[in-house]
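Visitor: For reference, the structure I am asking about is given below.
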Amino acid sequence: MNKSIFIVGPTCAGKNDFAYELSKHFSFEIINADSMQVYKQLRILTNRPTDKELKIVPHHLYGHINNQEYSVNHWINELNKLFKIFIAEIKSLFLSEEQDFMFKL
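The opening position of the sequence shown corresponds to residue 1034 in our numbering, with each subsequent residue numbered one higher.
This is how it looks when you write it as structure tokens:
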């Protein structure tokens, strides 16, 4: 059975660190839902996962967009593609979110 856990809360509440620590112990993969962490150029400003963390726990939708428009619709389309992969491979995931607008759909 595939399981998904959504971690939501205010900015700087420690959601990414919490998801990372749990993922190390329970073999979850993490999908970003932060509207700013998708941009390559904002790594330090948005506290994206480090290279070391990325090697230990698979992360998705972090730092993959260059200086271009990126909307909730773009994110949903990418998320749907990932869900299909996860379902096919019977993987589990955490969805870590900083901006609550992603869940007001």
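C-beta atoms are modelled at their ideal positions from N, C-alpha and C, and glycine is treated no differently.
DSSP state of V1095, grouped into three classes?
Guide: As a position in the sequence shown, residue 1095 is number 62, starting the count at 1. Looking at the sequence itself, residue 1095 is Tyr, so the reference to Val does not match. Here Y1095 sits in coil by DSSP.
Visitor: In terms of residues, what are the limits of the beta strand (DSSP E) holding E1062?
Guide: As a working note, residue 1062 is residue 29 in the sequence shown. Where E1062 is concerned, the enclosing beta strand (DSSP E) stretches over E1062 to N1065.
Visitor: Using the DSSP secondary-structure output, state which residues sit across from Y1072 in a beta bridge.
Guide: Position 39 of the sequence shown, counted from the first residue, corresponds to residue 1072. Looking at the DSSP assignment, Y1072 forms a beta bridge with I1098.
Visitor: Got a sec, what are the start and stop residues for the alpha helix (DSSP H) S1056 sits in?
Guide: As a first step, residue 1056 must be located in the sequence shown, where it is residue number 23. Run containing S1056: K1048 to F1059, per the alpha helix (DSSP H) assignment.
Visitor: Since I believe R1076 is in contact with G1096 (beta carbons under 8 Å), could you give me their beta-carbon distance rounded to a whole number of angstroms?
Guide: Translated into the one-based positions of the sequence shown, residue 1096 becomes position 63. Translated into the one-based positions of the sequence shown, residue 1076 becomes position 43. Indeed, because the Cβ distance is near 6 Å, the residues count as touching under 8 Å.
Visitor: Which residue's Cα is closest to the Cα of R1081: Q1070, F1039 and Y1053?
Guide: Taking the first residue of the sequence shown as 1, we reach residue 1081 at position 48. R1081 has its Cα closest to that of Q1070, out of Q1070, F1039 and Y1053.
Visitor: Does the Cβ of F1059 have 16 or more other Cβ atoms within 10 Å, making it buried, or fewer, making it exposed?
Guide: Here residue 1059 is taken as the residue at index 26 of the sequence shown, counted from 1. It is exposed - the Cβ of F1059 has fewer than 16 other Cβ atoms within 10 Å.
Visitor: Only counting the same chain, and skipping five residues up and downstream in sequence, which positions put a Cβ closer than 7 Å to that of N1099?
Guide: Residue mapping note: residue 1099 aligns to position 66 of the sequence shown, counting from 1. Excluding positions up to five away in sequence, the list reads K1073.
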